[in-house]
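2 protein chains.
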Amino acid sequence: MPRHSPLGLDDISTPSVVVDEDVLRANVARMASQAAALGVALRPHAKTHKSPNVARLQLSAGAIGLTVATLSEAVVFAEAGCADLFVAYPLWFDAGRAALLGRALDAGAVVTVGCDSLLAAQRLASTVPAPGRVRVLVEVDSGHHRSGVAPSAAGDVAAAVASTGLDVAGVFTFPGHSYAPDRRELAARQEATSLREAAESLRGKGLACDIVSGGSTPSIAFADPGVLTELRPGVYVFGDAQQWELGACAPQEIALTVLATVVSRRPGVVVLDAGSKALGADRPPWASGGGRLLDQPAARITQLSEHHAVVEGADLALGERVRVVPNHVCNTVNLADDLVVVRAGEAVDRWPVTARGANH
Amino acid sequence: MPRHSPLGLDDISTPSVVVDEDVLRANVARMASQAAALGVALRPHAKTHKSPNVARLQLSAGAIGLTVATLSEAVVFAEAGCADLFVAYPLWFDAGRAALLGRALDAGAVVTVGCDSLLAAQRLASTVPAPGRVRVLVEVDSGHHRSGVAPSAAGDVAAAVASTGLDVAGVFTFPGHSYAPDRRELAARQEATSLREAAESLRGKGLACDIVSGGSTPSIAFADPGVLTELRPGVYVFGDAQQWELGACAPQEIALTVLATVVSRRPGVVVLDAGSKALGADRPPWASGGGRLLDQPAARITQLSEHHAVVEGADLALGERVRVVPNHVCNTVNLADDLVVVRAGEAVDRWPVTARGANH
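Protein chains in written order, with the working numbering: chain A, 63 to 422; chain B, 63 to 422.
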């Protein structure tokens with residue numbers, strides 16, 4: 063990316079997504095140290111940032127590769143030079159997906175994909191031109207109840223997948239139920255128990271289980287290095303209001319905010335020009351509102367519409383600018399074309415969100 | 063847009079946003095007739111579709127102009143040939159916004175903007191090069207409690223705005239509290255009462271009030287043509303799961319769906335490859351889930367993550383494709399680069415979402 067002349071933030075239109083580069087770098091370094099201290103490999107989830115600029119920081123800090131959500135994200139990061147990519151979800155291959163996989167492989171990346179059924183493995187083996195070049199991890203449900211097989215069934219599924227000629231390298235889970243107050247530690251315990259049982263189930267079928275992959279930002283403080291060989295946190299890189307309210311990050315560790323302007327005001331209430339089309343509409347039942355204000359922690363976003371946040375408890379004038387912390391940063395980034403990078407309050411760069419909208 | 067060769071939908075990767083052109087045209091025609099029968103002008107909200115192709119259908123059917131959410135949307139539609147645009151929100155002008163307004167005016171459009179404070183009017187008058195070319199409507203709060211002044215204060219605010227040299231043409235409101243079960247009729251009544259009081263308040267200050275603008279898709283069945291001079295519904299053009307569950311549209315009137323594939327399956331549950339990054343994360347407390355399946359009305363989306371919908375009560379096989387109705391179509395469209403246009407189950411065109419991400 064070419065460097066632009068520094069701009070004061072006053073010249074940036076609102077709403078804009080702003081990343082504090084110093085905080086971002088500290089987050090990257092802290093998670094790298096944490097994984098190193100555990101003796102576990104780090105494979106950050108790139109769906110959070112969708113940005114080769116951020117990926118390069120993570121890889122430079124020792125990440126062994128990236129996790130991605132889709133094959134079109136895999137293409138973006140493979141073509142940006144990342145050599146080791148894991149699509150951590152079950153996929154149903156069609157001609158379009160096979161072509162995307164081919165592009166990622168042709169860019170020189172090792173590509174691993176998730177699988178939780180024999181049928182999907184057969185489809186993969188019959189649709190992809192070079193199935194021998196693809197590695198598979200079997201997905202296990204550790205309590206989030208999205209995709210994945212029961213831990214005890216992992217060996218049977220892995221053996222069935224291997225029977226199609228695919229290379230099964232281990233097991234993975236997403237402990238997504240860690241996204242709730244007081245469930246972070248429980249989810250991490252269930253992750254460890256489930257993955258241990260799944261790995262044993264593979265070995266019981268005479269299959270190797272070199273990779274045992276888990277990890278989410280809220281559960282990682284409780285990750286079990288006796289079971290896991292790699293961790294896949296995503297949100298840690300920026301932080302967000304969910305992590306703040308879950309206690310998984312401190313406000314000073316939040317690197318990404320949406321700059322917004324007060325456009326309307328009445329007693330006790332201000333209205334900002336950032337709504338769900340800039341922040342995302344995520345609002346888990348336990349959240350205090352539609353996001354937070356970084357510099358006014360007592361304020362609450364009580365109503366969020368497409369272009370506006372209604373804020374109570376903030377002391378702000380008409381025209382004043384504020385930093386809004388979105389509830390779920392992955393969806394925020396996916397709404398932006400670029401990230402305004404700031405250092406010491408000055409805009410120093412713009413990073414494109416290269417994989418924005420890469421849903422296929 | 064160039065016409066592409068027709069494609070069977072099997073060749074379209076999932077998730078993709080698909081628009082049934084026949085249903086879309088019927089929705090456009092029905093709302094045009096409804097407004098004509100009421101004797102009220104129709105100014106559809108273009109934030110729903112962000113597409114000049116759809117705007118042209120609305121204008122051809124008799125819409126007097128478009129409503130837009132931002133000045134960057136105004137630029138897109140002005141440059142696409144729409145001559146009459148209303149930014150129906152209070153704005154805080156800066157140099158970037160003044161430049162966007164200039165572009166919309168230079169493209170030949172009449173531009174009206176919302177205002178709910180003297181300070182914002184002063185800012186507008188002092189920031190915009192040709193404030194005399196901008197028309198202002200004073201925003202009134204009719205019960206949604208976002209922006210807008212109390213109806214009784216509208217005359218005072220209008221007089222203050224007019225004192226800055228701006229041309230005040232009337233009043234408007236957004237009865238957004240109509241987005242709740244059993245509040246559609248109440249919101250429409252409050253809209254009429256508030257706008258009538260606001261219009262009288264302007265006339266009491268010796269100001270004309272030629273435009274009295276309101277209307278949202280859920281409230282429009284109860285709109286009062288004795289008060290309103292124009293209506294600004296947006297969602298009606300596509301419909302969505304919110305309108306379906308509010309009773310404001312029938313499932314056969316839903317023109318836009320997200321095509322998705324079953325990627326995982328266990329007893330009673332299927333997992334689709336469309337999540338909040340394709341559908342949007344909206345889920346009002348009264349919604350039955352994270353969206354609906356158009357062809358399986360009894361099914362429920364019980365969990366929505368970024369790339370997946372967990373569906374209970376659907377009878378679907380692995381690899382099967384389904385049409386998902388998003389909860390809030392405006393946010394869905396804003397996530398897509400283009401809309402796949404189908405007629406009789408064949409893809410006949412792709413329309414770009416030209417104003418996607420136009421938040422400034």
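Backbone N, C-alpha and C fix where the C-beta goes; we use that ideal spot for every residue, glycine too.
Length of the line joining the Cα atoms of B:GLY127 and B:LEU356: 31 Å
Interface flag, B:SER204 vs chain A, CB-CB below 8 Å: no
B:ALA169 at chain A interface by Cβ criterion, 8 Å: no
Partners in chain B for A:PRO213, counting only beta-carbon separations shorter than 9 Å: Those within 9 Å of A:PRO213 in chain B number zero; the least Cβ separation is about 14 Å.
Min CB distance B:LEU153 to chain A below 8 Å: yes
Minimum Cβ-Cβ distance from B:VAL196 to chain A less than 8 Å: no
Distance CB(B:VAL233)-CB(B:CYS271) smaller than 8 Å: yes
Neighbouring residues, chain B, relative to A:HIS369 (Cβ below 9 Å): LYS109, ALA131, THR132, TYR151 and ASN421
For B:TYR151, three-class secondary structure by DSSP: Secondary structure of B:TYR151 (DSSP, three-state): strand.
Where A:GLU83 falls: helix, strand or coil (DSSP): helix
Boundaries of the alpha helix (DSSP H) in which A:LEU356 is found, first to last residue: Unbroken run through A:LEU356: none, as it is neither H nor E.
Cβ contact check for the stretch 224 to 238 of chain B and the stretch 184 to 202 of chain B: 3 or more pairs under 8 Å: yes
Contact under 8 Å by Cβ, B:SER350 with B:GLU315: no
Contact belief for B:GLY124 with B:ALA145 at Cβ below 8 Å, rounded distance in angstroms: The C-beta separation of B:GLY124 from B:ALA145 comes to about 14 Å, leaving the pair out of contact by the 8 Å criterion.
Limits of the beta strand (DSSP E) - the one that A:GLU408 falls within: 408 to 414
Integer-rounded CB distance, given that A:LEU366 should sit under 8 Å from A:GLY337: 6 Å
Cβ neighbour criterion (16 or more within 10 Å) applied to B:ASP244: exposed
Between the CA atoms of A:GLU292 and A:VAL90 - distance to the nearest angstrom: 16 Å
When B:GLY407, B:CYS311 and B:LEU397 are compared against B:ALA417, the one with the closest alpha-carbon: B:LEU397
Segment limits, beta strand (DSSP E) that includes A:LEU366: Unbroken beta strand (DSSP E) run through A:LEU366: 362 to 366.
Segment contact flag, the stretch 275 to 291 of chain B with the stretch 74 to 89 of chain B, C-beta cutoff 8 Å, min 3 pairs: As far as the Cβ criterion goes, the stretch 275 to 291 of chain B does not touch the stretch 74 to 89 of chain B, which means the pair count is below three.
Integer-rounded CB distance, given that B:VAL202 should sit under 8 Å from B:LEU257: With 8 Å as the limit, B:LEU257 and B:VAL202 qualify as a contact, their Cβ atoms being about 6 Å apart.
B:ASP400 beta carbon less than 8 Å from that of B:TRP413: yes
Per-residue DSSP class, three states only, for A:ILE74: Three-state result, A:ILE74: coil.
Assigned secondary structure, A:LEU128 (DSSP; H/G/I helix, E/B strand, else coil): strand
Coarse secondary structure for B:GLU135, derived from DSSP in three states: B:GLU135: helix per DSSP, three-state reduction.
C-alpha gap between A:ARG327 and A:HIS370, whole angstroms: 12 Å
Same chain only: Cβ atoms within 6 Å of A:ALA160, ignoring 5 sequence neighbours per side: THR189 and VAL190
Contacting residues, own chain, Cβ-Cβ under 7 Å from B:GLY158 (five flanking each side not counted): HIS422
Residue environment, B:ALA360, which counts as buried when at least 16 other CB atoms sit within 10 Å: Sixteen is the threshold: since fewer than 16 other Cβ atoms of the shown chains lie within 10 Å of the Cβ of B:ALA360, the residue is exposed.
Exposed unless 16 or more other CB atoms sit within 10 angstroms - verdict on B:SER225: exposed
Residues near A:GLY407 by beta carbon distance below 7 Å, same chain, minus five either side: These residues qualify, in order along the chain: LEU71.
Contact set for A:ILE74: own chain, Cβ-Cβ below 7 Å, skip 5 residues either direction: LEU321, VAL402 and ALA409
Segment contact flag, the stretch 340 to 350 of chain B with the stretch 96 to 115 of chain B, C-beta cutoff 8 Å, min 3 pairs: no
B:CYS177 - partner residues in DSSP beta bridges: B:VAL200
Secondary structure, beta strand (DSSP E): runs of 3+ residues fully inside the stretch 242 to 274 of chain B: none
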